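In what follows, a single structure is set out as structure tokens and then discussed.
Number of protein chains: 2
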Amino acid sequence: MPQLRKDPVLGRWVIISTERGKRPTDFAHAPEEKKGGFCPFDYGNEDKTPPEVMAYRENGSSPDSPGWQVRVVPNKFPALAIEGEVDRAGEGMYDKMNGIGAHEVIIETPDHDVSFADLPLPHIALVIKAAQQRMIDLQGDTRFRYIQLFRNRGQAAGASLEHPHSQLIALPILPKRLTEELGGSKKYYGYKERCVFCDIIAQETWTRTRVVCENEQFLTIVPFAARFPFETWILPKKHFSSFEVMGDDMRLAFAQILKESLTRINIALDDAPYNFILHTSPTGERDLKYYHWHMEIMPKLTKVAGFEWGSGFYINPTPPEEAAKYLRDVEIPREETCA
Amino acid sequence: MPQLRKDPVLGRWVIISTERGKRPTDFAHAPEEKKGGFCPFDYGNEDKTPPEVMAYRENGSSPDSPGWQVRVVPNKFPALAIEGEVDRAGEGMYDKMNGIGAHEVIIETPDHDVSFADLPLPHIALVIKAAQQRMIDLQGDTRFRYIQLFRNRGQAAGASLEHPHSQLIALPILPKRLTEELGGSKKYYGYKERCVFCDIIAQETWTRTRVVCENEQFLTIVPFAARFPFETWILPKKHFSSFEVMGDDMRLAFAQILKESLTRINIALDDAPYNFILHTSPTGERDLKYYHWHMEIMPKLTKVAGFEWGSGFYINPTPPEEAAKYLRDVEIPREETCA
Numbered sequence: 001m002p003q004l005r006k007d008p009v010l011g012r013w014v015i016i017s018t019e020r021g022k023r024p025t026d027f028a029h030a031p032e033e034k035k036g037g038f039c040p041f042d043y044g045n046e047d048k049t050p051p052e053v054m055a056y057r058e059n060g061s062s063p064d065s066p067g068w069q070v071r072v073v074p075n076k077f078p079a080l081a082i083e084g085e086v087d088r089a090g091e092g093m094y095d096k097m098n099g100i101g102a103h104e105v106i107i108e109t110p111d112h113d114v115s116f117a118d119l120p121l122p123h124i125a126l127v128i129k130a131a132q133q134r135m136i137d138l139q140g141d142t143r144f145r146y147i148q149l150f151r152n153r154g155q156a157a158g159a160s161l162e163h164p165h166s167q168l169i170a171l172p173i174l175p176k177r178l179t180e181e182l183g184g185s186k187k188y189y190g191y192k193e194r195c196v197f198c199d200i201i202a203q204e205t206w207t208r209t210r211v212v213c214e215n216e217q218f219l220t221i222v223p224f225a226a227r228f229p230f231e232t233w234i235l236p237k238k239h240f241s242s243f244e245v246m247g248d249d250m251r252l253a254f255a256q257i258l259k260e261s262l263t264r265i266n267i268a269l270d271d272a273p274y275n276f277i278l279h280t281s282p283t284g285e286r287d288l289k290y291y292h293w294h295m296e297i298m299p300k301l302t303k304v305a306g307f308e309w310g311s312g313f314y315i316n317p318t319p320p321e322e323a324a325k326y327l328r329d330v331e332i333p334r335e336e337t338c339a
Numbered sequence: 001m002p003q004l005r006k007d008p009v010l011g012r013w014v015i016i017s018t019e020r021g022k023r024p025t026d027f028a029h030a031p032e033e034k035k036g037g038f039c040p041f042d043y044g045n046e047d048k049t050p051p052e053v054m055a056y057r058e059n060g061s062s063p064d065s066p067g068w069q070v071r072v073v074p075n076k077f078p079a080l081a082i083e084g085e086v087d088r089a090g091e092g093m094y095d096k097m098n099g100i101g102a103h104e105v106i107i108e109t110p111d112h113d114v115s116f117a118d119l120p121l122p123h124i125a126l127v128i129k130a131a132q133q134r135m136i137d138l139q140g141d142t143r144f145r146y147i148q149l150f151r152n153r154g155q156a157a158g159a160s161l162e163h164p165h166s167q168l169i170a171l172p173i174l175p176k177r178l179t180e181e182l183g184g185s186k187k188y189y190g191y192k193e194r195c196v197f198c199d200i201i202a203q204e205t206w207t208r209t210r211v212v213c214e215n216e217q218f219l220t221i222v223p224f225a226a227r228f229p230f231e232t233w234i235l236p237k238k239h240f241s242s243f244e245v246m247g248d249d250m251r252l253a254f255a256q257i258l259k260e261s262l263t264r265i266n267i268a269l270d271d272a273p274y275n276f277i278l279h280t281s282p283t284g285e286r287d288l289k290y291y292h293w294h295m296e297i298m299p300k301l302t303k304v305a306g307f308e309w310g311s312g313f314y315i316n317p318t319p320p321e322e323a324a325k326y327l328r329d330v331e332i333p334r335e336e337t338c339a
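If you read the protein sequences in the order shown, they are chains B and A. By the numbering used here, the letter at position 215 of the first sequence is numbered 215, and the numbering carries on one by one without gaps. By the numbering used here, the letter at position 208 of the second sequence is numbered 208, and the numbering carries on one by one without gaps.
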């Protein structure tokens, strides 16, 4: 059973894998996936993954067999264990708890070689729908306080498999970053009686220098204080605090803006590795006035060095206004745009 | 002039380099330093760096000429500008200020090919003394609130030059991480009336499972909630909140423990890239009861992926107790140990 441990100074929880501790030599040669090698996420290899949790399939096809469009399976090497209770305990002055949680993989398509952004719009909407459905299901488990959706593309961004996939981790605690976002946006709301993200949307729409693209329901910007070059956020224009309740219309609009934003990033940055991470309200808090769900996309272009790690203080070599202009000026196939 | 910008949700300041914005193509091929190529930090190339700020030299040798043991120069590509005032201003709802600060390089030795940990003990003490002297000098500038000392070793850790060097950045704001550490340790002090780091030292000394090595004045541990495999902290056993006031005896003891800790890490992890970062009290706060200076060493073995970035929640695949045991069991040359 993995363990959750709390830093006694910062209050930050860390997952410690106690089962199979990595020895120094395990890090020496991270296995590179071979081109054309075996892939457990391919069509026909359904028995090489743990049994599927859900799938969108052709009528009549059976679980764990071909015939699916999107498939969700437990991670074969989960960071957290699904069985057990969240036992909290002390160890002298320290705090720990069982590493309870869920860790699932959303296999986004049977097509090994396609890029996520190149999937047809309805298919991207289907992937988003699967994520929503799994999040709603996992929220029913009272042990979990937050469901984290994220995607790693490329080895530099931490992806160990090339096949298009994203991941869900259900956590028994609120991650530090979310606690900070909730705290910061609540403080702003207390002072202004407005959502800070709604204010960001208003100012960015007005000044336009950091706008990348938009459609009727979503706005894509490079944020004012971006930590990384070409860091990009997608926000719903109307105030919603939770992603998972989004209906069909809005989901399609989100699929469109996500596809367009990623396409612009892929073209501008020559298919650079990236991470995207969903920021949404905690389990059981679907209607927060002060919090606003959004997606953060972080291309991996710079190595984060000691100064950044040590200080939590980032140096961004590309001004957000210039990054937004590059992304805006990219020529993309007509079908990707909402115009 | 670079700009400091504040994230309106998290309150985190970011340095935005506005002078020479990096374009997408600038990231494509990070220049690799050629083995045996020209190095501006080598003996005889003193005129290829900005004029030195200070140096420990042989008697009679002139500034910016050979004859030095340790040399401090302004960074040729500084993240912050040294001239100007810290003007704070709004931009609609956003906050920004001039990117005022100092960015200096400590060239630790004329020897291009030596590893920092292999320098003789008195030489390491000299490097530490240079850092202290520069920190005290920079603290005299009322525009600066924090002086960050750090070292990047290896390209994966963000080092652009191979020649042994560390860096100092003087900041007009408190970095987020330090604000959090001060807040967390103050809260603990308010509750327990003891320094949290002193309590950590007491418990680690008692249980010993996470101890790597120690001498009379310092303790090296793998922290209970380490974020990264083989993350290692060095703490003074007696309570001191600031590094820069350390006297001769203590400096020599620190040089010994730093040399030994890095040697153990270098051997165990086959000279892996690492960062070390000094955590010390802010400018003008030399005697805090609740804060305790320490050095954090972070080997770069894993790629930090989307989940970590998005959540501030880390997965550490090596239990701290196992990491400490590996580092403890390393056989090192007798002269490196304090025994």
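Glycine included, C-beta positions come from ideal geometry on N, C-alpha and C. These figures come from a predicted structure and were not determined experimentally.
**Request:** For M246(B), count neighbouring Cβ atoms within 10 angstroms of its own Cβ and tell me buried if that reaches 16, exposed if not.
**Result:** buried
**Request:** Please list, in chain order, all residues of the same chain as I16(B) whose beta carbon is under 8 Å from its beta carbon, the five residues on each side excluded.
**Result:** P2, Q3, L4, R5, G99
**Request:** Could you say which of E104(A), Q155(A), A156(A) lies nearest to A367(A) if we only look at CA atoms?
**Result:** Nothing about residue 367(A) can be read from this structure; chain A reaches only from 1 to 339.
**Item:** Start and end residues, alpha helix (DSSP H) containing T263(B)
**Value:** Residues 248 to 268.
**Message:** According to DSSP, P55(A) sits in a beta bridge with which residue or residues?
**Reply:** Looking at the sequence shown, residue 55(A) is not Pro but Ala. The partner list for A55(A) (beta bridge, DSSP) reads R71(A).
**Item:** Local Cβ density within 10 Å of W293(A), reported as buried at 16 or more and exposed below that
**Value:** buried
**Message:** On the DSSP letters alone, give me the boundaries of the beta strand (DSSP E) that V105(A) sits inside.
**Reply:** 102 to 107
**Request:** Taking only beta-carbon positions, decide if D199(A) is within less than 8 Å of chain B.
**Result:** Interface residue, yes.
**Item:** Cβ of W13(B) within 8 Å of any chain A Cβ
**Value:** yes
**Item:** Coarse secondary structure for M1(B), derived from DSSP in three states
**Value:** In the structure shown, M1(B) adopts coil according to DSSP, grouped into three states.
**Request:** Check distances from the C-beta atoms of the stretch 69 to 94 of chain B to those of chain A and list, in chain order, the residues that come in under 8 Å.
**Result:** A79, E91, G92, M93, Y94
**Item:** Helix, strand or coil at Y326(A) [DSSP, three-state]
**Value:** helix
**Prompt:** Can you check whether the CB of F230(B) is closer than 8 Å to the CB of I257(B)?
**Reply:** No, Cβ-Cβ distance for I257(B) and F230(B) is not below 8 Å.
**Terminal residues of the alpha helix (DSSP H) in which G183(B) lies** = From DSSP, the alpha helix (DSSP H) with G183(B) extends over 176 to 192.
**Item:** Exposure of A339(B), with buried meaning 16 or more beta-carbon neighbours within 10 Å
**Value:** Residue placement at A339(B) is flagged as unreliable, the pLDDT there being 44, under the threshold of 50; a coordinate-derived value is accordingly withheld.
**Prompt:** Would N152(A) be called buried (16 or more neighbouring beta carbons within 10 Å of its own) or exposed?
**Reply:** buried
**Request:** For A342(A), count neighbouring C-beta atoms within 10 Å of its own C-beta (all shown protein chains included) and say buried if the count is 16 or more, exposed if not.
**Result:** Residue 342(A) cannot be examined here, being either before or after the span of chain A that is shown, 1 to 339.
**Asked** Which class does R23(B) belong to by DSSP, given the choice of helix, strand or coil?
**Response** coil
**Short CB-CB distance (under 8 Å) between R210(A) and chain B** = no
**Item:** In DSSP terms, what S166(A) is bridged to
**Value:** I106(A)
**Prompt:** If you check the beta carbons only, do F254(B) and F218(B) fall under 8 Å apart?
**Reply:** yes
**Asked** Is the stretch 220 to 235 of chain B close to the stretch 7 to 16 of chain A, with three or more CB pairs under 8 Å?
**Response** yes
**Message:** For Q148(A), would you say it is in contact with chain B, using Cβ-to-Cβ distances shorter than 8 Å as the test?
**Reply:** yes
**Prompt:** Where does W206(B) land, buried or exposed, given buried means 16+ other C-beta within 10 angstroms?
**Reply:** W206(B) should be labelled exposed.
**Item:** Spatially closest choice to M363(A) from E108(A), K129(A), C198(A), by CA coordinates
**Value:** It is not possible to answer for residue 363(A), since the shown part of chain A is limited to 1 through 339.
**Rounded distance between the beta-carbons of Y274(B) and M298(B), thought under 8 Å** = 6 Å
**Message:** Using only the alpha-carbon positions, how far apart do L262(A) and L138(A) sit?
**Reply:** 27 Å
**Asked** At least one CB of chain C closer than 8 Å to the CB of A156(B): is that the case?
**Response** The question asks about chain C, but that chain is absent: this structure's protein chains are B and A.
**Item:** Per-residue DSSP class, three states only, for P273(B)
**Value:** coil
**Item:** 8 Å contact criterion, which I169(B) and Q148(B) should meet: CB distance rounded
**Value:** 5 Å
**Request:** With a cut-off of 8 Å on the beta carbons, I'd call T49(B) and V73(B) a contact; round off their distance for me.
**Result:** 4 Å
**Where P236(A) sits in the DSSP three-state scheme** = Residue state, collapsed to three classes: strand.
**Request:** Would you mind reading off the limits of the beta strand (DSSP E) that contains L288(B)?
**Result:** Unbroken run through L288(B): none, as it is neither H nor E.
**Request:** Sort out for me which residues DSSP pairs P299(B) with in a bridge.
**Result:** Y274(B)
**Item:** Listed by chain order, chain B residues near A102(A) by CB distance under 7 Å
**Value:** Within 7 Å Cβ-Cβ: nothing; A102(A) doesn't reach chain B, min ~13 Å.
**Item:** Euclidean distance between Cα positions of S166(A) and E260(B)
**Value:** 42 Å
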